[in-house]
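Each residue of the sequence shown is one higher than the one before, starting from 590 at the first, in the working numbering.
Every residue, glycine too, gets a C-beta built ideally from N, C-alpha and C.
Here the structure comes first, spelled out in structure tokens, and everything after it is commentary.
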Amino acid sequence: MKKLSILILSGVLFTTSCKDNTDKKEETQETKGEEQVMKAEEQQQEWKMLFNGKNLDHWKAYNSDSISEQWQVKDGAIVFSPAQGEREGTENLISKEEFSSFELSLEWKISEGGNSGIMWGVQEEDKFDEPYLTGPEIQVLDNEKHPDAKNGPIRQAGALYDMVAPKEDVTKPAGEWNKEVIKIDYEANKGTVTLNGTKLIEFPLHGEEWEKLVANSKFKDWEAFGKSKKGHIALQDHGDKVWYRNIKIKELD
């Protein structure tokens, strides 16, 4: 009888212990699940949408108070279609807000034989009639059919235009979407461009190495080029049709 009582008690203790371990395991899994959800929410909150797929509220025309019908929102994308006939000049689009160190994520597609670009550190002043006079450019291009591609990789899609060439061509054909991430970190003195999941280039943002890149480019005599660590993001009007969508930015400082 005594042995039976001991066995029953042992069984109860074992069952209780198993239940406690199961409960603790479930609690641990729930806690991890909650932490993952919270982390994902925090990461999402770090990103700021620069385009909601519906309007151009976060954008303006460079050196202008209004945006012409050349820039429109269609099917969830910002679309630039150059005006027919002779145009008086370009109409570049810039973010209303200025940014310093950041990570910019977006998608773009270019028309056949088309050319455009994404710039940062752009200064908006009457003495500058183009954003590329102040803001370095990451090239957007149809590598197959635009003449600039024949000037070498340093002028092709994903390049820091005329300064750093991409290590390979990973662009989709004209008319297809490309996903690009541009990271500009002045504290780390490093910029990177990742296109369609491949890191194409890495470059300094200031100092001796940056000055060497500028000195060996077409921008060597441009007094204000790349000098500002804070400025607008620009989408270039190069006279060709281009699309941008899913534009978001995460500030790093």
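Rounded separation between residue i and residue j - CA only
i: Gly-828; j: Ile-667; result: 15 Å
i: Tyr-721; j: Trp-811; result: 10 Å
i: Glu-776; j: Glu-686; result: 20 Å
i: Gln-673; j: Gly-724; result: 28 Å
i: Asp-664; j: Gly-642; result: 8 Å
i: Glu-677; j: Asp-646; result: 25 Å
i: Lys-653; j: Gln-659; result: Here residue 653 is Ser; the residue named in the question, Lys, does not match the sequence. Distance between the alpha carbons of Ser-653 and Gln-659: 14 Å.
i: Ala-738; j: Asn-785; result: 19 Å
i: Ser-655; j: Val-729; result: 25 Å
i: Glu-719; j: Lys-801; result: 23 Å
Beta carbon of residue i nearer than 9 Å to that of residue j
i: Ile-836; j: Ile-683; result: no
i: Val-831; j: Gly-815; result: no
i: Thr-636; j: Leu-824; result: In the sequence under discussion, the amino acid at residue 636 is Trp, which differs from the Thr named in the question. Not closer than 9 Å, so no.
i: Ser-700; j: Ala-763; result: yes
i: Asp-731; j: Phe-808; result: no
i: Phe-691; j: Glu-798; result: no
i: Gly-710; j: Gly-796; result: no
i: Asn-778; j: Pro-755; result: no
i: Thr-679; j: Asp-826; result: yes
i: Ser-817; j: Gln-712; result: yes
i: Glu-714; j: Arg-834; result: no
Close-in-space but distant-in-sequence residues of the same chain around residue i (CB under 6 Å, 5 per side omitted)
i: Val-782; result: Ile-727, Gly-747, Ile-771, Leu-789 and Ile-790
i: His-735; result: Gly-702 and Asn-704
i: Val-759; result: Leu-784, Asn-785 and Thr-787
i: Ile-838; result: Lys-637, Leu-639, Phe-691 and Leu-693
i: Phe-661; result: At residue 661 the sequence reads Gln, which differs from the Phe that was named. Closer than 6 Å at Cβ, skipping near neighbours: Val-668.
i: Gly-706; result: Glu-726, Gln-728, Val-729 and Gln-825
Own chain, CB closer than 8 Å to residue i, minus 5 neighbours either side, in chain order
i: Glu-733; result: Pro-762 and Ala-763
i: Phe-844; result: The requested residue 844 does not occur in the structure, where the chain is confined to residues 590 to 842.
i: Ser-657; result: Ala-650, Ala-672 and Glu-680
Neighbourhood of residue i by C-beta, 7 Å cutoff - its chain only, sequence neighbours within 5 removed
i: Lys-698; result: Gly-764, Glu-765, Trp-766, Asn-767 and Trp-832
i: Ser-689; result: Tyr-775, Lys-818, Lys-819 and Asp-842
For residue i, the first and last residue of its enclosing alpha helix (DSSP H)
i: Leu-639; result: Segment: none, Leu-639 is in no alpha helix (DSSP H) and carries neither H nor E.
i: Val-803; result: 797 to 804
Buried versus exposed, by CB contacts within 10 Å (16 or more), residue i
i: Asn-681; result: buried
i: Gln-745; result: buried
i: Met-638; result: exposed
i: Glu-675; result: exposed
i: Glu-769; result: buried
i: Gly-780; result: buried
i: Gly-741; result: exposed
i: Val-626; result: Bear in mind that the predicted position of Val-626 carries a pLDDT of just 49, short of 50, making it too unreliable to give a figure here.
Residue i: first and last residue of the uninterrupted beta strand (DSSP E) it sits in
i: Tyr-833; result: 831 to 840
i: Lys-772; result: 767 to 774
i: Leu-863; result: As shown, the chain starts at 590 and ends at 842. That puts residue 863 outside it, with no answer to give.
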